[in-house]
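Student: Under the numbering used here, the sequence shown has 118 at position 117, and the numbering climbs by one with no breaks.
To start, I am sharing the structure in question, which I have written as structure tokens.
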Amino acid sequence: MKRLILAAVLALTTAPAMAAPVAYTIDPTHTQTTFQVDRFGFTTVLGAFTAASGTIWIDEAAPAASRVEAQVTVASLFAGDPTRDDHLKGERWLNAAANALITFKSTKVVTTGADTADVTGDFTLNGVTKPVTFKVKLNKIGKAPGSGKQAAGFTITGSVKRRDFGIGAALPPGLIGEDVPIRIEALAVAPTPAAS
Numbered sequence: 002m003k004r005l006i007l008a009a010v011l012a013l014t015t016a017p018a019m020a021a022p023v024a025y026t027i028d029p030t031h032t033q034t035t036f037q038v039d040r041f042g043f044t045t046v047l048g049a050f051t052a053a054s055g056t057i058w059i060d061e062a063a064p065a066a067s068r069v070e071a072q073v074t075v076a077s078l079f080a081g082d083p084t085r086d087d088h089l090k091g092e093r094w095l096n097a098a099a100n101a102l103i104t105f106k107s108t109k110v111v112t113t114g115a116d117t118a119d120v121t122g123d124f125t126l127n128g129v130t131k132p133v134t135f136k137v138k139l140n141k142i143g144k145a146p147g148s149g150k151q152a153a154g155f156t157i158t159g160s161v162k163r164r165d166f167g168i169g170a171a172l173p174p175g176l177i178g179e180d181v182p183i184r185i186e187a188l189a190v191a192p193t194p195a196a197s
């Protein structure tokens, strides 16, 4: 019995340590954060935030242990028309002057497939924080062409309700849509290993 216990202890102490999650930095030049909103039932306005940043900690061995912290700059909003852009960044809508960032910090990752997961976290918009769940698909992980750096690409989808975040201007019926679908195409890059 003592020999069995000793063998188990030795196995535990000599086993290789589990790899820690790797911190991938979001590449703002290859990340697009887009949204859409119904306009009076006639058309759907498409928009994007062109400035994004953050970190995705990827645990390939235990994907549920992965996490993310990301943000977009509200002033980077582009919706196809300068006047519309100014309105959306103004006090009645996103109030960029008072709330410069939209942020997301994950609190739970539930894997739903070999390369998919539901990622829940604290989503802050217009100074209000609510839990939101995004569907995340890992498109590819590996060496990126050109740079040769380890990279991971994701497609992220979800939706928020304007009312939940205190943005009540021109709510339905028949006006500007309340539900705002979001789609993010994100590329994140791993740190370059230190030279030995």
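Cβ coordinates follow ideal geometry from the N, Cα and C atoms, glycine included.
Predicted, not measured: the structure shown is a model, and the values here were computed from it.
(1) Going by DSSP, name the residue or residues bridged to Leu78.
(2) From what residue to what residue does the beta strand (DSSP E) around Pro83 run?
(3) Just the Cα atoms here: how many angstroms apart are Leu95 and Asp119?
(4) Alpha carbon to alpha carbon, what distance is there between Thr51 and Asp87?
(5) For the candidate residues Glu61, Gln72, Ile57 and Val111, whose alpha-carbon lies nearest to that of Thr34?
(6) Determine the closest residue to Gly178 out of Thr32, Ala145, Ala153 and Gln37, with distance taken between C-alpha atoms.
(7) Residues bridged to Phe105 by DSSP?
(8) Determine the closest residue to Asp123 out of Lys144, Pro173, Ala63 and Phe166, with distance taken between C-alpha atoms.
(9) Helix, strand or coil: how does DSSP classify Asp39 here?
(10) Ordered along the chain, which non-local residues of its own chain (more than five positions away) have a Cβ less than 8 Å from that of Ser148?
(11) Spatial neighbours of Ile6 within its chain, please: CB distance less than 8 Å, with the 5 preceding and 5 following residues excluded, ordered by chain position.
(12) Does the distance from the CB of Thr108 to the CB of Lys136 come in under 8 Å?
(13) Taking the alpha-carbon of Asp28 as reference, which of Ile168, Gln151 and Arg184 has the nearest alpha-carbon?
Tutor: By the coordinates alone:
(1) Here residue 78 is taken as the residue at index 77 of the sequence shown, counted from 1. Beta-bridge pairing links Leu78 to Phe50.
(2) As a position in the sequence shown, residue 83 is number 82, starting the count at 1. Element bounds for Pro83: not the beta strand (DSSP E) but the alpha helix (DSSP H), Pro83 to Lys90.
(3) Residue numbering aside, residue 95 sits at position 94 when the sequence shown is read from its first letter. Residue numbering aside, residue 119 sits at position 118 when the sequence shown is read from its first letter. Leu95 and Asp119: Cα-Cα distance of roughly 26 Å.
(4) One-based indexing of the sequence shown puts residue 87 at position 86. One-based indexing of the sequence shown puts residue 51 at position 50. So the alpha carbons of these two residues sit roughly 15 Å apart.
(5) Counted from its first residue, the sequence shown places residue 34 at position 33. Taking only the C-alpha atoms, the option nearest Thr34 is Gln72.
(6) Counting from one through the sequence shown, the residue named residue 178 turns up at place 177. Distances from the alpha-carbon of Gly178 to those of Thr32, Ala145, Ala153 and Gln37 put Gln37 closest.
(7) As a working mapping, residue 105 is identified with position 104 in the sequence shown. Answer by DSSP bridge pairing, in chain order: Ala71 and Phe124.
(8) One-based indexing of the sequence shown puts residue 123 at position 122. Comparing Cα positions, the closest option is Phe166.
(9) The residue given as residue 39 occupies position 38 in the sequence shown. Correct three-state label for Asp39: strand.
(10) As a working mapping, residue 148 is identified with position 147 in the sequence shown. For Ser148, where only same-chain residues beyond five positions count, the Cβ hits under 8 Å are Val190.
(11) If you number the sequence shown from 1, residue 6 lands on position 5. With a pLDDT of 38 at Ile6, under the threshold of 50, the predicted position of this residue should be treated as unreliable, though the coordinate-derived value follows. Within the same chain, Ile6 has no close Cβ partners at all.
(12) Residue 108 sits at position 107 when you count from the first residue of the sequence shown. Residue 136 sits at position 135 when you count from the first residue of the sequence shown. Their beta carbons are not under 8 Å apart, which means Thr108 does not touch Lys136 by this criterion.
(13) For the purposes of this step, residue 28 is taken as the residue at position 27 of the sequence shown. Out of Ile168, Gln151 and Arg184, Gln151 has the C-alpha closest to the C-alpha of Asp28.
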